[in-house]
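Read through the structure below, which is laid out as structure tokens, and then see the notes.
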Amino acid sequence: MSVDVVQLTGAEFDEAMAFLNEVFGEHQPHDFATLLPSIYQPTDEHMSCNYAVRVDGQLRAVVGLFPMAWQVGDTVLKVGGIGGVSTHSSVRGAGYMKVLMNHCVQVMIEEQYDLSWLGGQRQRYGYFGYEKCGARTRLTLSATNLRHAQQETPITFVPIDAGDDAALMVAQGLHDQQAVFCRRAPEAFHRYLSVGYRRPYLATDTRGAVIGYLVVDDKGGEVVEMVARNQHQLAEIAGAWVRARDDSASFLAMPTSTDLLQQLSPLVEGESVTSSGNWQIFDWEKTVGALLRARALSTSLPDGRVSFGIEEVGTLEIEVTAGQVECRRSTAAAAVIWSAFTAMRVLFGPLPAEAVVHIPPALAALHSWCPLPLGWSQQDYV
């Protein structure tokens, strides 16, 4: 199928936003410019992330490929976020989405991306190499939980406005002190905090000192991002938020948020774990190594060495010795060969490896090492 794929420009911003709003607004109104201000701006730099097909001069299909730098411990992983996948109703079935998705995957391969994330229907994106995996935990905390299990700590929450440079600098400093985070340009930090019409707040103590920040939905019942200056204060901040709104709240935690999980899990009424999105790995050695080293920051990893094959990739060897992680490609034949889909679910969860496939004794170390902490913050969604 011969179709010309073009990259959009800043001059086409209004047209592109109108197109996305029309396609996604068939069942519910959308305004992409205000929904995702982190990635949709009227500049050539931002709009060139959108690949499109025009028919008779009119936009008829768009797929966005948004590059992001994911700091995982000492390693920076190049992530391609896929979003805004849209086809006009008049040309559905013409194959334009397939053309654009394949084009974006090829761009990521050529430009040496390490992995890619998107949110969408599993089988639809499985055709392009994506699998649902990784983990995200939702913890639900109520005032009743607190009344029985936590003493009240006076904490005040102050909205962070777009023009409050001092507050934004403090919040970004806290954000960037995390062991794992997606890099956000300082001039765009508030736009990231506002993705999905969410609202950011500083948390301050009785002296007015900032002890953390959080990001909540428009009703305050879902806390999607929470960072504390001192990790032992996370449960206190969570409890204070629930008391301030006089209603229960859900807290979302990435798998690397072990302090938050350890502090809230004894308090909350319930928790649930789901996949963190649809993922595709391009550089297995770099990605697996970085995530296993990130896991080693929060737990002791038993020594071991495993080797397995991944179809169309080759053999991957992983070794842990005295807490030091090595992940490398090998030319040796592997006794066990998995598809990339199976390998992603074994390594990244959310289910334990034995719930995905039979794990032979030679690979038993995977039971202790996995799932690796493949998560993604909602404020970095595309």
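Position 79 (the sequence shown) corresponds to 70 in our numbering; numbering is contiguous.
Virtual Cβ for every residue (Gly too), placed ideally from N, Cα, C.
Under the assumption that residue i contacts residue j (Cβ atoms under 8 angstroms), give the Cβ distance between them as a whole number of angstroms.
i, j, result
"F339", "L363", "5 angstroms"
"R284", "C124", "Between C124 and R284 the Cβ distance is about 19 angstroms, and since that is not below 8 angstroms, they are no contact."
"P341", "T265", "7 angstroms"
"N136", "V259", "6 angstroms"
"G55", "G86", "Contact doesn't hold; Cβ gap of about 19 angstroms is too wide."
"L91", "V(-4)", "6 angstroms"
"V311", "A331", "Not quite, the Cβ-Cβ distance comes to about 23 angstroms (not below 8 angstroms), so this is no contact."
"G212", "S241", "7 angstroms"
"Q(-2)", "Y42", "6 angstroms"
"D47", "T0", "D47 to T0, Cβ: 19 angstroms. No contact."
Assuming residue i is part of the beta strand (DSSP E), what are its boundary residues?
i, result
"Q298", "Note that residue 298 is Ser in the sequence shown here, rather than Gln. Unbroken beta strand (DSSP E) run through S298: 295 to 301."
"Y192", "190 to 195"
"S185", "Element bounds for S185: n/a, residue is neither H nor E."
"A324", "Note, A324: premise wrong, no beta strand (DSSP E); not H, not E."
"V348", "No beta strand (DSSP E) contains V348, which DSSP labels as neither H nor E."
"Q369", "Element bounds for Q369: n/a, residue is neither H nor E."
"Y31", "Where Y31 is concerned, there is no enclosing beta strand (DSSP E), given that its DSSP letter is neither H nor E."
"L307", "305 to 312"
"V46", "41 to 46"
"G268", "268 to 272"
Could you tell me if residue i is buried or exposed, where buried requires 16 or more neighbouring beta carbons within 10 angstroms of its beta carbon?
i, result
"E276", "buried"
"H223", "exposed"
"S368", "buried"
"H166", "buried"
"E216", "buried"
"M160", "exposed"
"P150", "exposed"
"Q112", "exposed"
"R51", "buried"
"Q370", "buried"
"Q49", "exposed"
"A7", "buried"
"R127", "buried"
"S29", "buried"
"R115", "exposed"
"G71", "buried"
"Q141", "buried"
Keeping to the same chain, check which residues put their C-beta closer than 8 angstroms to that of residue i; ignore five residues upstream and five downstream.
i, result
"Y188", "T25, L26, D208, D209"
"Q315", "none"
"Q163", "R175, P177, F180"
"F21", "The amino acid at residue 21 is misidentified as Phe; the sequence shows His. Here the set comprises L11, N12, F15."
"W329", "F299, G300, I301, E302, V337, V348"
"A313", "D294"
"D237", "A134"
The alpha helix (DSSP H) spanning residue i covers which residue range?
i, result
"W108", "Taken as a continuous stretch (DSSP letters only), W108 belongs to no alpha helix (DSSP H), being part of the beta strand (DSSP E) at 106 to 109."
"L282", "275 to 287"
"C95", "87 to 101"
"A334", "331 to 339"
"A235", "225 to 236"
"W360", "356 to 360"
"N12", "4 to 15"
"A158", "156 to 166"
"N136", "134 to 140"
"A24", "23 to 26"
"E36", "35 to 38"
"T144", "First-last for T144: undefined, no H or E at that position."
"R115", "113 to 117"
"Q253", "249 to 255"
Have a look at the DSSP bridge pairing and note the partners of residue i.
i, result
"F57", "G72"
"R129", "L243, S263"
"I151", "Partner(s): none; I151 has no beta bridge."
"C173", "W61"
"A204", "It is worth fixing the name first, because residue 204 is Tyr in this sequence and not Ala. L193, V218."
"S77", "V53"
"K123", "N269"
"T66", "V63"
Once you ignore the five residues that flank residue i on each side, which residues in its own chain have a CB closer than 7 angstroms to its CB?
i, result
"L354", "V297, F299, V327"
"E227", "T144, I146"
"F4", "P33, M38"
"A235", "F148"
"I350", "A344, L357, H358"
"V98", "L56"
"L255", "L130, L132, A226, A229, F242"
CB-CB under 6 angstroms to residue i, same chain, minus the five flanking residues each way: which ones, in chain order?
i, result
"Y121", "N269, Q271"
"C318", "E276, V279, G280, I309"
"A334", "I301"
"L288", "A170"
"V201", "V161, L193, T195"
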